[in-house]
Amino acid sequence: MQASAGQLRAALGAFRGIVQRRNTVPVLGTVKFQDGHLVGTDLDAELSVKIASIGPMAGASAIDLFALSSLAANIDEDEELTISDEDGTATIGFNGSSYRLGSLPVEDFPTFGQPIGPRTMTGNLGLVAAMNRIRFAMSTEETRYYLNGVAILHDSEGKALLVATSGHQLAMMPLDFAPEGSVNAIIPRSIVHYLCQRKMEPEACVFDLERQRARFDFAGQSLATKLIDGKFPDIFRVIPQDAPKLFTADRKALLRRLVRIRSFSEAFFRGVALELAGDVLTLKLKTGDRTATETLAVNGRGGQAEAGFNADYLITILNGLRGEHVTFASPAPFASNPTVITSDGDPLTVLQMPMRV
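Under the working numbering, the residues of the sequence shown are numbered 1202 to 1558, in order.
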């Protein structure tokens, strides 16, 4: 095939996060050139990228991704390359230069099972944007592997939601609709991060829960992935219904105080106490010989309430919300029930469990 260095570089760059540098199976470090496409896999996901080439692509070969990427990064983007393969040796030629490296037969390249099902157009759904808002709440614990991703669910009224939870916190975003066949699908954490880093919304999706596969189609690209084969917990049992408001505060002012307290605490200690008395919220830290107290005027519900939280969690939540004000709501007692955290005009809802401090 023939292509410019810029065209090759752009196509190869899409595989960052899909093809892994370290592999026990050499072919998994390659991309397959065939039928005008580049294909790469880590056995859990497969990415196919249509490459803009000069003329048609003939034949097929599996060539090391990282060697090609390093070479293409150091060639002028308008330079025309010729890539050929003969007897297990790939040759990249341009402007009188020639680079050779070993290749592998495409017969060694693994076949990834594709999902089978209806294709739903999702260009205006905002699926990846919703993933990006809630991915902070995904779990990283392998023991509860079914939490290592985001789930597409329906609430009791049949409305579509995108949800992530670690067990300590939960985040959810509404969707206008769920792609056909996607309800109860759990999209793996690695794919969520990949899609969010690429910042591309899929034009269409295919979900196949029977085979635990999904595919996200983009212009010139297609990403197929395994889904997490597990059952997402019934989150609606733990979400307080009509939880009474504790207080509403200026989001940035509360965030500044939390950041100050966290920066002052010892690295290993993350707990902060929130004490509400009428319209005054007091934040307290005590660790070793260090103590800190911050106060903030809020719109409280009246009375007193107190609970401890992981300051890092609260900082992440407040950074993720977008409204001017933030509301904490919880059934009594505040210290032992989950707190619902929302912000004005923001569809993101976060559930945070308290901790003992």
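Beta carbons: idealized from backbone N, C-alpha and C, even for Gly.
Measuring alpha carbon to alpha carbon, tell me which of the options ends up nearest residue i.
i, options, result
"ALA1263", "ASP1279, ALA1246, GLN1235, GLU1278", "GLN1235"
"GLU1495", "VAL1481, GLN1505, GLY1503", "VAL1481"
"GLY1350", "ILE1429, ILE1252, LYS1453", "ILE1429"
"PHE1216", "ARG1336, LEU1396, GLY1359, ALA1365", "LEU1396"
"LEU1348", "PHE1337, HIS1355, SER1357", "PHE1337"
"GLY1489", "ASP1418, GLY1359, PHE1465", "PHE1465"
"ALA1211", "ALA1253, VAL1240, GLY1241, ASP1245", "ALA1253"
"SER1271", "ALA1206, PHE1510, ASN1296", "ALA1206"
"ILE1440", "LEU1484, PHE1295, THR1366", "THR1366"
"GLU1280", "ASN1333, PHE1295, LEU1269", "PHE1295"
"SER1299", "GLY1327, LEU1269, LEU1326, GLU1247", "LEU1269"
"ASN1333", "LYS1453, GLN1398, LYS1251, ARG1223", "GLN1398"
"GLY1237", "ALA1246, GLY1297, ASP1245, LYS1251", "LYS1251"
Can you give the Cα-Cα distance for residue i and residue j, rounded to whole angstroms?
i, j, result
"SER1537", "PHE1448", "17 Å"
"PRO1548", "GLU1404", "23 Å"
"VAL1166", "ARG1491", "The displayed coordinates of the chain run from 1202 to 1558. Any statement about residue 1166 would go beyond what the structure contains."
"ALA1261", "ALA1204", "15 Å"
"SER1423", "GLY1546", "34 Å"
"LEU1456", "ALA1420", "40 Å"
"LEU1477", "LEU1362", "32 Å"
"VAL1364", "ARG1557", "26 Å"
"GLY1368", "LEU1486", "24 Å"
"ALA1331", "HIS1355", "15 Å"
"ASP1243", "PRO1257", "27 Å"
"ASP1435", "ALA1386", "13 Å"
"MET1202", "SER1383", "38 Å"
"CYS1406", "THR1323", "7 Å"
"SER1249", "PHE1313", "11 Å"
"ARG1520", "LEU1282", "A quick correction: the sequence has Asn, not Arg, at residue 1520. Taking the straight line from one Cα to the other gives about 46 Å."
"GLN1505", "THR1540", "15 Å"
"LEU1459", "ILE1516", "7 Å"
"VAL1393", "MET1401", "12 Å"
"ILE1353", "THR1341", "19 Å"
"MET1339", "ARG1463", "22 Å"
"GLY1479", "ILE1219", "52 Å"
"LYS1432", "THR1528", "31 Å"
"GLU1507", "ALA1493", "16 Å"
"ASP1418", "THR1426", "12 Å"
"GLN1442", "ILE1518", "20 Å"
"PRO1380", "GLY1524", "29 Å"
"PHE1267", "GLU1343", "29 Å"
"LYS1360", "ARG1471", "36 Å"
"ILE1335", "LEU1522", "10 Å"
"HIS1526", "ARG1222", "45 Å"
How should residue i be labelled, buried or exposed, when 16 other C-beta atoms within 10 angstroms of its C-beta is the threshold for buried?
i, result
"LEU1309", "The residue asked about is misnamed: residue 1309 is Asp in this sequence, not Leu. So ASP1309 ends up on the exposed side."
"PRO1534", "exposed"
"ALA1259", "exposed"
"LEU1209", "buried"
"GLN1370", "buried"
"GLN1553", "buried"
"ARG1390", "buried"
"ASP1409", "buried"
"PRO1445", "exposed"
"THR1543", "buried"
"ALA1291", "buried"
"PRO1227", "exposed"
"GLU1467", "exposed"
"ILE1388", "buried"
"GLU1358", "exposed"
"THR1225", "exposed"
"ALA1273", "buried"
Any beta carbon from chain C within less than 8 Å of residue i's own beta carbon?
i, result
"ARG1557", "Included in the structure is just one protein chain, with no chain C present."
To the nearest whole angstrom, what separates the beta carbons of residue i and residue j, a pair I think is in contact under 8 Å?
i, j, result
"VAL1473", "ALA1512", "4 Å"
"ASP1286", "GLY1230", "Wrong, their Cβ atoms sit about 16 Å apart, outside the cutoff."
"ILE1276", "ILE1284", "With 8 Å as the limit, ILE1276 and ILE1284 do not qualify as a contact, their Cβ atoms being about 12 Å apart."
If we count Cβ pairs, one from each stretch, closer than 8 Å, do we get three or more for the segment 1499-1512 versus the segment 1444-1462? yes
Across the segment 1412-1429 and the segment 1315-1327, are there enough close Cβ pairs to call them in contact, namely three or more that are closer than 8 Å? yes
Any contact of the segment 1370-1385 with the segment 1298-1313, i.e. 3+ C-beta pairs under 8 Å? no
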